[in-house]
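Remarks on the structure that follows.
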Amino acid sequence: MSAPMPPGPPRHRGGGTRETRRLVAFVDASAFYCSCERLFRPDLRGEPVVVLSNNDGCVIARSAEAKALGVAMGAPYFQVRERLERAGVWVFSSNYALYHDLSDRLLRVLDRFSPDVERYSIDEAFLGLRADPWDPDEPARLETLAREIREAVWRATRIPVRVAIAETKTLAKVGSEFVRHAPVPCVCFWRHPARDAVLESLPVEDVWGVGPRWAKRLRLAGAGTAAGLAAMDDGDIRRGYNVVLLRTTLELRGVSCLPLSEAPPPRRSLVRSRMFGEPLTDPALIGKAVAMHAAAAARMLRRESLAASAVETFVTTGRHARPVHHGRAVTELPSATNDTLAIVRAARSLVGPALATGHGGAPRYKKAGVMLTGLGPAGQSQGSLFTAPVRERPELMEAMDRIARRFGRAAVVPAAQGTPDELRAVHAGRSPAWGMRRDFLSPRYTTVWAEIPTVRLGDPARLGAEAEGVSPRSGPCRRTA
DNA sequence: TCTGGGGTCCTAGGACCC
DNA sequence: TCTGGGGTCCTAGGACCC
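Take the first sequence: its letter number 224 is residue 207 in the numbering used here, and every next letter is one higher.
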């Protein structure tokens, strides 16, 4: 597949404006969580760093140095712990307050380069760009632009990013993989001379949108590479797979099927759940966890000015237990609401039914959660002719939210969540039975006054351009070399 | 011998993403 | 002992309706 030259001579539209080609830039921070942890710990540059999932369950981010040591993505921490300790790897619990804040700062830099920015995830974004297809210098200009984006992000956030430009999102993702190990990981993949070769050597499972299941089937069908998938028959894909894979295939051929979406589509559901620190069977303890998740979910609703019309409570033993057990129970609310007390009450009333669903013995539950569905804009509930609507207390909710913002989330909560001592333990990262393990949590450097790093003014020699003088309170992250 | 046809809504499960 | 959390979309199948 060589890059097609534009057909015919340059065409001009009314007003003499030359037609332009829509392109997309993909900006991707590699090992984003590790970069965030290093930002305030410059002493960790060049050191192997990993970040663990919630509950310190498994490895979800690895610095290049940690990858070189062979630490696998998704590896359960208890399995790799000894190896990490022997190798002197720095281990952090995930600190989402920090990561979300830095992600917001990164996005603000990207806004300077395009009016069309889609935030795809906490560490990835797409930018809409335009190119002149008749100017032979365009690819070179775009590659320079890619470098400028990377440099601007680095200057503003000290987060390293890769930048790849192509005609579709999927091709831009391929381009980003192509430059993953380049000294300056920026590329214009549109009309890039190496593109065909890259697609021919890229395993099909590394294509965005192709997971392990489909990759296996595609291999059996003789399409083991990105180029192989792109060459498949549309009808075969539609019949044998689905339209999602067909879109991916077209995108690999340079046909854009996944438009930029600047405004995220309205949220349809909201889930709040966590593993317990240890397995639970006691419905009373599970009820406290459910109350905590329900209150958190209601707070998220209010922050997004949404209201929910149904509540689901679920419990699970997790995938690894034998026998596996999932329990769930759902209830419709009399009217859509985001009232914490109404949602907590509904969620708690479902704990018993969820635990009772379809099992004999008493499973050792590892996780509970609350899902809110039927979301819509707050304050538009029609209620029903035949049932009284939920009693709403907007002034009370506003007061609770303000207290929480000022004094912390544990300051005022429904009594169903447990005693003040238990709550303090949860928020300190210690574990009452239903709390989360976060043994290696770094400070919330950028979002909590008490945890902002301090700079020693008496030691100017250490205040280099790389902020070596920043002296964070030493975090509890572990390094046992 | 033979068992309408089409529509909607809901749910569960599968596949994918980060 | 110890294996994350939060999403979306698509499809198949059942219930129900006319």
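Each residue gets a CB set at the ideal place from its N, CA and C atoms; glycine is no exception.
Outcome for G205 when other beta-carbon atoms lying within 10 angstroms are tallied against a minimum of 16: Locating residue 205 in the first sequence gives position 222, where the first residue counts as 1. So G205 ends up on the exposed side.
At least three beta-carbon pairs within less than 8 Å, the stretch 348 to 361 to the stretch 253 to 263: yes
DSSP-derived helix/strand/coil call for C171: Position 188 of the first sequence holds residue 171. Three-state result, C171: strand.
DSSP three-state assignment for T140, whether helix, strand or coil: Here residue 140 refers to the residue found at position 157 when the first sequence is read from its first residue. In this structure, T140 counts as helix in the three-state DSSP scheme.
Cutoff 6 Å; reference L182; Cβ partners in own chain excluding five residues on either side: Sequence index remark: in the first sequence, residue 182 carries index 199 (1-based). Around L182: A209 and A210.
As assigned by DSSP and simplified to three states, the class of P122: By 1-based counting over the first sequence, the position of residue 122 is 139. The answer is helix: DSSP assigns P122 an H, G or I state.
Limits of the unbroken beta strand (DSSP E) element including W432: Position 449 of the first sequence holds residue 432. In the DSSP assignment, W432 falls outside any beta strand (DSSP E), carrying neither H nor E.
For V10, the residue or residues it bridges with in DSSP: Indexing the first sequence from 1 puts residue 10 at position 27. Answer is A108 and V146, bridged to V10.
Secondary structure of E2, DSSP reduced to three states: What you label residue 2 is simply residue 19 of the first sequence in a count that begins at 1. Three-state DSSP puts E2 in coil, outside helix and strand.
Assigned secondary structure, D442 (DSSP; H/G/I helix, E/B strand, else coil): Numbered from 1 along the first sequence, position 459 holds the residue referred to as residue 442. Interpretation of D442 is limited by its pLDDT of 48, a score under 50 that renders its predicted location unreliable; the figure taken from the coordinates is listed afterwards. It is coil, neither helix nor strand.
For S77, the three-state DSSP class (helix, strand or coil): In the first sequence, the residue the question calls residue 77 occupies position 94. Three-state DSSP puts S77 in coil, outside helix and strand.
Supposed contact pair A281 and T314 - C-beta distance, whole angstroms, cut 8 Å: As a first step, residue 314 must be located in the first sequence, where it is residue number 331. As a first step, residue 281 must be located in the first sequence, where it is residue number 298. Going by Cβ atoms, the distance from T314 to A281 rounds to 15 Å, so no, they are not a contact pair.
Euclidean distance between Cα positions of R456 and C169: Residue mapping note: residue 456 aligns to position 473 of the first sequence, counting from 1. Residue mapping note: residue 169 aligns to position 186 of the first sequence, counting from 1. Confidence at R456 is low in this model, with a pLDDT of 40, below 50, so its placement is unreliable and the value that follows should be read with caution. Whole-angstrom Cα-Cα distance: 35 Å.
Limits of the unbroken beta strand (DSSP E) element including R255: Within the first sequence, residue 255 is the residue found at index 272, counting from 1. First-last of the beta strand (DSSP E) with R255: S252 to L263.
Neighbour-count burial assignment, G352, 16 or more Cβ in a 10 Å radius: Counted from its first residue, the first sequence places residue 352 at position 369. Buried is the call here.
Sequence ranges, alpha helix (DSSP H) only - wholly within the stretch 186 to 212, length at least 4: 195 to 203
P59 - partner residues in DSSP beta bridges: As a first step, residue 59 is located in the first sequence; it is residue number 76 there, counting from the start. DSSP, once it has assigned bridges, lists C41 as partnering P59.
Boundaries (first-last residue) of the alpha helix (DSSP H) holding P317: To locate residue 317, count along the first sequence from 1; it is residue 334. Unbroken run through P317 is the beta strand (DSSP E), H309 to T320; no alpha helix (DSSP H).
Cα-Cα separation between N225 and A214, rounded to whole angstroms: By one-based count along the first sequence, residue 225 stands at place 242. By one-based count along the first sequence, residue 214 stands at place 231. One C-alpha to the other measures close to 16 Å.
Helix, strand or coil at V226 [DSSP, three-state]: Residue numbering aside, residue 226 sits at position 243 when the first sequence is read from its first letter. DSSP places V226 in helix when its eight states are reduced to three.
Euclidean distance between Cα positions of D99 and L284: Along the first sequence, read from residue 1 onward, the residue named residue 99 stands at position 116. Along the first sequence, read from residue 1 onward, the residue named residue 284 stands at position 301. Cα to Cα, the separation comes out at about 27 Å.
Range covered by the beta strand (DSSP E) that runs through M354: Within the first sequence, numbered from 1, the residue matching residue 354 stands at position 371. Its beta strand (DSSP E) spans residues Y348 to T356.
Supposed contact pair P31 and A70 - C-beta distance, whole angstroms, cut 8 Å: Position 87 of the first sequence, counting from 1, holds the residue named residue 70. Position 48 of the first sequence, counting from 1, holds the residue named residue 31. Contact flag correct, Cβ pair sits at about 7 Å.
A399 versus A293, R255, E378 and A329, residue with shortest Cα-Cα distance: Mapped onto the first sequence, residue 399 falls at position 416. Measuring from the Cα of A399, the nearest candidate turns out to be A329.
S239 Cβ short of 6 Å to the ligand FMN heavy atom set: You won't find the ligand FMN in this model; it holds no ligand whatsoever.
Top-ranked residue by Cα proximity to E131, from V167, P377, P59 and W197: As a first step, residue 131 is located in the first sequence; it is residue number 148 there, counting from the start. Taking only the C-alpha atoms, the option nearest E131 is V167.
For F297, the first and last residue of its enclosing beta strand (DSSP E): Counted from its first residue, the first sequence places residue 297 at position 314. Residues L289 to T299.
Contacting residues, own chain, Cβ-Cβ under 7 Å from A387 (five flanking each side not counted): Sequence index remark: in the first sequence, residue 387 carries index 404 (1-based). If we look at A387 and ignore the five residues flanking it on each side, its Cβ neighbours are A394 and V395.
N-terminal and C-terminal residue of the beta strand (DSSP E) that V32 is part of: Within the first sequence, residue 32 is the residue found at index 49, counting from 1. For V32, the uninterrupted beta strand (DSSP E) run begins and ends at V32 to L35, by DSSP.
As assigned by DSSP and simplified to three states, the class of A280: Mapped onto the first sequence, residue 280 falls at position 297. If DSSP states are grouped into helix, strand and coil, A280 belongs with the helices.
Sub-7 Å separation of T151 and W191 beta-carbons: Along the first sequence, one-based indexing puts residue 151 at 168. Along the first sequence, one-based indexing puts residue 191 at 208. No, they are not a contact pair.
Meets three-Cβ-pair contact criterion under 8 Å: the stretch 7 to 24 and the stretch 137 to 147: yes
Cβ shell of R374 (< 8 Å), same chain only, five flanking positions each side left out: Within the first sequence, residue 374 is the residue found at index 391, counting from 1. Around R374: D322 and A325.
Classification of T232 by the beta-carbon crowding that lies within 10 angstroms, buried from 16 upward: The residue labelled residue 232 in the question sits at position 249 within the first sequence. So T232 ends up on the buried side.
Residue range of the unbroken alpha helix (DSSP H) whose run includes S159: To locate residue 159, count along the first sequence from 1; it is residue 176. For S159, the uninterrupted alpha helix (DSSP H) run begins and ends at K152 to F161, by DSSP.
Integer Cβ distance of P397 from V334, believed to fall under 8 Å: To locate residue 397, count along the first sequence from 1; it is residue 414. To locate residue 334, count along the first sequence from 1; it is residue 351. The Cβ separation is near 14 Å, so there is no contact.
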